[in-house]
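Each position in the sequence shown, counted from 1, maps to that position plus 29 in our numbering. Glycine included, C-beta positions come from ideal geometry on N, C-alpha and C.
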Amino acid sequence: MTGQLEADVVVIGLGPGGEHLAASLSRAGLSVVGVDRRLVGGECPYFGCIPSKMMIRAADALAEARRVPSLGGTTEVRPDWTTVADRIRDEATDDWDDRVAVERLEKAGVRFVRGHGRLAGPGRVTVATDDGEVAVTVRRGVVLNTGTEPAVPPIDGLADTPYWTNRDAVRLRELPTSLVVLGGGAIGCELAQAFSRFGVEVTIVEAGERILGPEEPEASGVVAAALGAEGIAVRAGVGVTSVAHDGAFRIGLADGTSVAAQALLVAAGRRTNLGDVGLDTVGLDPGMRTIDVDERMRAAGVDGLWAIGDITGKGAFTHMSMYQANVAIRDLTGEDGPWADYRAVSRATFTDPEVGSVGLTEDQARKAGLRVGVGVAPLPESSRGWIHQAGNDGLIKVVADLDRGVLVGATAVGPAGGEIIGMLVTAVHAEVPLATLRGMHFAYPTFHRAIETALADVS
Ligand SMILES: Cc1cc2nc3c(=O)[nH]c(=O)nc-3n(C[C@H](O)[C@H](O)[C@H](O)COP(=O)(O)OP(=O)(O)OC[C@H]3O[C@@H](n4cnc5c(N)ncnc54)[C@H](O)[C@@H]3O)c2cc1C
Ligand SMILES: NC(=O)c1ccc[n+]([C@@H]2O[C@H](COP(=O)([O-])OP(=O)(O)OC[C@H]3O[C@@H](n4cnc5c(N)ncnc54)[C@H](O)[C@@H]3O)[C@@H](O)[C@H]2O)c1
């Protein structure tokens, strides 16, 4: 495609938020051009959330089946990856074909251009397409939603090896016998456990002190213990010094030891796609790693530029990309808010036990200078946890601002931790007084009833 276009709004990068914003603005009557160089919808549907959660759903079913003998019967579990690989291809990704998403976008009235988009000065965007260039004159503004790529650390030898990232992991048709996962963040832990439950011998190597570093230390501890109990080797607090591949991988560690495996998955964080989007043409530093945005998602210091999603550095989650898209839509259609508020950002890490969290950790609350109170309730000591038995690892932790008498953060680790956190998200978001929370009814015997115990423990 080549030529000249005019539009009210151009969206460069169609991740979850960009796709939603482009279609919504078009339905609201604006003329919109949407640009993506890969697949409309971005990382989440094709390489991230959805395929990984399909893997996890299957792996969790296997794990539950393996728990049957301690609870009431016998089972024989024979994992078969083919079912998962087929489901990801057929149901989630259409074999990594975005035709349906493009049609949906075009039906909403968006003009879609496949190619690499760049800012080309105020009010101008160029798109490098397969067969030339499309130049777009922009009347209202440009929205950047260019997301991230897997970051590959500069480790001696790594670049020359056939390592995998999440984009390879979700395409696997056959599993390796053994796997080293470099990085014990959300991606590393979720995928490590899923593969392990399908019979892969897995080692996680995490350079930081503990896996799931952004979570409460208690949450990291519970998950590390659960992964260890399933046979996953968790090597935290040790850096990787070298990677070699000679049929198999050999990963050299800073403590002088090494780990061998058939495959290596690099899950060591993300790099924002801002290096080649023409930031300099609108007066921004081309080396910036995230775009500073105000509460309306307008880029600081640049007229007519909005940014949403991972590139804003407010939390690399699909729900954040969608939340920010809705804020930018309101601004671009002349509504009067509500504008972005990050006090009660929540997330769920889909390990088993699952980790749901919201707001500040205890450490963040103390560093913010608050007079902090903390309450913890271990799940195995709750009625439901005791009844549940196998797979009952977990806890509830609440973090309170004692001066204001409200919760500022909370963590729910355990079965359905990502669901149980829901009521605590409301508590933090709406600043429900601690006294009101303590006076609530908590159904017996539920996992969420442990929240009552944690609230009573706050001191
Ligand atoms: C394995 C994995 C699991 C995850 N699981 C979860 C989860 O369970 N829950 C959750 O909330 N989040 C999860 N995430 C994170 C989630 O995928 C992202 O936060 C989400 O995709 C939002 O990203 P985004 O909107 O910033 O853009 P992205 O999804 O990164 O999309 C950006 C788009 O921009 C395009 N693009 C980039 N540069 C250009 C350019 N110059 N021109 C044209 N197009 C361009 C790309 O091709 C891409 O399509 C996971 C991520 C991974 C990798
Ligand atoms: N359930 C979810 O919501 C979910 C799931 C997966 C990913 N995500 C999002 O995607 C983002 C990226 O995930 P991620 O897990 O790649 O990144 P991350 O930044 O969360 O974790 C990367 C980990 O790799 C470690 N690391 C970095 N370099 C290393 C090295 N050389 N050797 C050993 N360890 C190293 C880091 O210390 C860190 O713990 C997350 O921040 C999250 O927001 C969300």
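For ligand 2, no non-hydrogen atom lies closer than 6 Å to the CB of A262.
With a threshold of 16 other beta carbon atoms within 10 Å, G170 meets it and is buried.
Taking C-beta atoms as the reference points, R239 and S249 count as a pair closer than 7 Å.
Between the stretch 134-142 and the stretch 50-59 there are three or more inter-stretch CB-CB distances shorter than 8 Å, so the stretches are counted as touching.
With a cutoff of 7 Å on beta-carbon distance, I320 and A336 are scored as near each other. Distances taken from the Cβ of A297 to the heavy atoms of ligand 1 include none shorter than 6 Å. D339 has its CB nearer than 6 Å to a heavy atom of ligand 1. The nearest non-hydrogen atom of ligand 2 is 6 Å or more from the C-beta of G63. By the Cβ rule, the stretch 462-475 counts as touching the stretch 430-448, because three or more pairs are nearer than 8 Å.
Between ligand 1 and the CB of S287, the shortest heavy atom gap is not smaller than 6 Å. In the DSSP assignment, V428 falls within the unbroken beta strand (DSSP E) covering 424-430. In the displayed model, G414 falls within a helix according to three-state DSSP. Here DSSP, grouped into helix, strand and coil, assigns Q33 to strand.
The alpha-carbon of A90 is positioned some 16 Å away from that of G102. Remark: fewer than three beta-carbon pairs, one from each stretch, lie closer than 8 Å, so the stretch 179-187 and the stretch 79-86 are not flagged as touching. Looking at the DSSP output, P462 shares a beta bridge with V435. Put simply, of G71, T166, G420, E135 the residue whose alpha carbon is nearest the alpha carbon of Q33 is T166. Between the stretch 370-380 and the stretch 402-418 there are fewer than three inter-stretch CB-CB distances shorter than 8 Å, so the stretches are not counted as touching. Distances from the alpha-carbon of R66 to those of G212, D305, V113 put D305 closest. Checking the 6 Å criterion, the Cβ of I117 is out of range of every heavy atom belonging to ligand 2. Per the C-alpha coordinates, the member of M84, V62, D323 positioned closest to P367 is D323. Close CB contacts of T158 within its chain, under the 6 Å cut and outside five residues either way in sequence, are with M30, G144 (chain order). Going by C-alpha positions, V156 is about 40 Å away from W110. Non-local beta-carbon contacts of H49 in its own chain, meaning distances under 7 Å to residues more than five positions away in sequence, involve M351, A354 in chain order. When the five nearest sequence neighbours on each side are left out, the beta carbons in the same chain lying within less than 6 Å of the beta carbon of A114 are those of R202, in order along the chain. Contact between A439 and S488 does not hold, since the beta-carbon distance rounds to 16 Å and is not under 8 Å.
Between V39 and V64 the beta-carbon gap is near 7 Å, inside 8 Å, which marks them as a contact. DSSP places H274 in the strand class (E or B) of the three-state scheme. In this structure, ligand 2 has no non-hydrogen atom nearer than 6 Å to the beta-carbon of T158.
Taking a 10 Å sphere around the C-beta of V106, we find fewer than 16 other C-beta atoms and assign the residue as exposed.
In this structure, ligand 2 has no non-hydrogen atom nearer than 6 Å to the beta-carbon of A94. Between the stretch 244-258 and the stretch 273-291, the count of Cβ pairs shorter than 8 Å is below three; the stretches do not touch. For the stretch 307-343, the continuous beta strand (DSSP E) assignments of 3+ residues that do not extend past its boundaries occur at 334-336, in sequence order. Beta bridge pairing from DSSP links A441 with G385, I425. Here the alpha carbon of G388 sits roughly 20 Å from the alpha carbon of I340.
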